[in-house]
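Participant: Residue numbers (the numbering used here): 1 to 388.
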């Protein structure tokens, strides 16, 4: 069966386009030098939703009150700004506000996985060469590390998680419901830390739900999750973001600031066979962007490439946990990223004070070099967990 790769859309409905100029506010004349430009989404913008970045020292609370925006999400920890649904009048008022540094359309991001068919990933990352030994050796369980999965929620009661899983935060969009009705988040969490399919088999798993049952979510909700995590992360900690979409400066800034606060961040490179530097969060600074490989040590044909891809890991036909106490196979850079997150958790277990650059350097230096075929313009590095 031909796999259909899920691509990142920036719209509120899968494969739907927002048509017609009437869906968007009528903006004031942009030729005026005093107006802040509204940066359009490189994908499809969400009508009426905006992310506002303020200048240093400006108060987000005050700016929200000035335009009387309701339901605003403030990002005090990772970005001085907020997201809100704005009318044309509110938007134009903010464009004239001297406190505003930038405004961009909110977007929708999606999972980076596909359905697929044979478990092999763990076996590959604990040895340098093929053929595979059909075993996985490890010395650490990473019980002192917490892995945060920013995704579609989590089936916390799955027996593979052994009581180590919980929902930590839920985007306002979902009214407190952290259950995984898509399956993607549970699958990703299983690669990080399930008892059979996980890299770090004792890690604490915490879900931050930002995606709906279709595997889509607003950039603003993802930023709210990142903002929450910067303040509340139990360290040592890793965060996995197997999601993506068109490039967002605001999201990249937020994620970089999260990583600088002491949370190691691993992200999916994307499944569009394009330059990952054109996407977010793979283009952010201080993240480990992960490409996907097959069991034959080739780059997956759909895996993104380019200088923003730091390392590669198994991402084709990966078996892991699913809701309903089930397991299943998925493919995508969504599956590759949690292999890196799990390995980073093992490293942090023994080096709990290590910063992102230190962990990144260890992963890159320790990787298996120049064994991957069908590579594009990216580093030929395959994840290797060594004796961790």
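For every residue, glycine included, the Cβ atom is placed at its ideal position computed from N, Cα and C. Only a predicted model underlies this, so the values are computations on that prediction, with no experimental measurement involved.
1) Once you ignore the five residues that flank residue 221 on each side, which residues in its own chain have a CB closer than 8 Å to its CB?
2) Rounded to the nearest angstrom, what separates residue 351 and residue 255 at their Cα positions?
3) Can you give me the Cβ contacts of residue 188 inside the same chain, cut-off strictly under 7 Å, excluding the 5 residues immediately before and after it?
4) Which runs of the beta strand (DSSP E) fall wholly inside the region 197 to 269 and span at least 3 residues, in chain order?
5) Could you pull out every residue in the same chain whose Cβ sits closer than 6 Å to the Cβ of residue 385, ignoring the five residues on either side in sequence?
6) Cutting at 7 Å between CB atoms, please list the residues of its own chain near residue 195, excluding the five before and the five after it.
7) If we count the other Cβ atoms within 10 Å of its Cβ and call it buried at 16 or more, is residue 296 buried or exposed?
8) How about residue 359: is its Cβ closer than 7 Å to a heavy atom in the ligand MG?
9) For residue 357, report the span of its alpha helix (DSSP H) as first-last.
10) Quick check on the DSSP output: what are the complete alpha helix (DSSP H) runs of length 4 or more inside the region 40 to 95, in order along the chain?
11) When DSSP labels each residue in this structure, what does residue 347 get in the three-state scheme?
12) Provide the residue span of the beta strand (DSSP E) that contains residue 166, from first to last.
13) Which of helix, strand or coil does DSSP assign to residue 371?
14) Between which two residues does the alpha helix (DSSP H) harbouring residue 319 extend?
15) Given a cut-off of 8 Å on the beta-carbon distance, is the pair residue 252 and residue 281 in contact?
16) Taking residue 306 as the reference, give the member of 316, 326, 283 and 328 with the closest Cα.
17) Are residue 207 and residue 168 touching if we call contact CB-CB under 8 Å?
18) Take residue 349 as the anchor and find which of 184, 145 and 317 has the nearest alpha-carbon.
Facilitator: In this structure, then:
1) 73, 171, 172, 173 and 210
2) 22 Å
3) 149, 151, 240, 242, 334 and 338
4) 204 to 209, 216 to 218, 237 to 241, 243 to 246 and 263 to 268
5) 125, 126 and 343
6) 160, 162 and 201
7) exposed
8) Ligands displayed in this structure: none; no statement on the ligand MG is therefore possible.
9) 356 to 366
10) 60 to 67 and 88 to 95
11) helix
12) 165 to 170
13) coil
14) Taken as a continuous stretch (DSSP letters only), residue 319 belongs to no alpha helix (DSSP H), being part of the beta strand (DSSP E) at 318 to 322.
15) yes
16) 283
17) yes
18) 145
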